[in-house]
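Asks: Sharing a structure, written as structure tokens. Questions coming.
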Amino acid sequence: MDILFKSERFARECNAIRLLMNRHGESRAKLIRRRLDALRSAWVLEDLRNAPGRLHELKGDLKWALSLDLDGPYRLLFEPAAEPVPLKPDGGLDWTKVTAVRILGIEDTHE
Numbered sequence: 456m457d458i459l460f461k462s463e464r465f466a467r468e469c470n471a472i473r474l475l476m477n478r479h480g481e482s483r484a485k486l487i488r489r490r491l492d493a494l495r496s497a498w499v500l501e502d503l504r505n506a507p508g509r510l511h512e513l514k515g516d517l518k519w520a521l522s523l524d525l526d527g528p529y530r531l532l533f534e535p536a537a538e539p540v541p542l543k544p545d546g547g548l549d550w551t552k553v554t555a556v557r558i559l560g561i562e563d564t565h566e
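Under my numbering, think of the first position of the sequence shown as 456, with each following residue one higher.
Shown next, in the form of structure tokens:
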């Protein structure tokens, strides 16, 4: 799967383990890299449905965004990069057609 980032600065941070460790600590940085590697190795989003770490769609203001568990309350947030977003006939996100994602952030979604 292709991975894009919300900004060049955020892309540099996510692609440099030292920057990730400085910002998030060693254990979370390694987990972030594992999650990004899993996304890169998948052909489509559906390939990750049963992978380690809970992956689910968000609602409300973050409709079409997805959340992948990291540690504690922290999540890797991303969205399908395709325009328009691939949908199933019922209007839901078609995970079998998502071949590129945009990483939005690493956040405590419970704040």
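We put the CB at the ideal spot given by N, CA and C, even for glycine.
How many angstroms separate the CA atom of Lys461 from the CA atom of Asn505?
Replies: Answer to the nearest angstrom: the Cα atoms are 26 Å apart.
Asks: Going by DSSP in three states, Lys474 sits in which element: helix, strand or coil?
Replies: Note on identity: in this sequence residue 474 is Leu, with Lys being the wrong assignment. The answer is helix: DSSP assigns Leu474 an H, G or I state.
Asks: Taking just the CA atoms, how far does Ala536 sit from Leu517?
Replies: So the alpha carbons of these two residues sit roughly 14 Å apart.
Asks: My assumption, with CB atoms under 8 Å, is that Leu523 sits in contact with Gly508. Please give the rounded CB distance.
Replies: At roughly 5 Å, the Cβ-Cβ gap stays under 8 Å, so Leu523 and Gly508 are in contact.
Asks: Where do the N-terminal and C-terminal ends of the alpha helix (DSSP H) with Ala484 fall, by residue?
Replies: That run of the alpha helix (DSSP H) goes Glu481 to Ser496.
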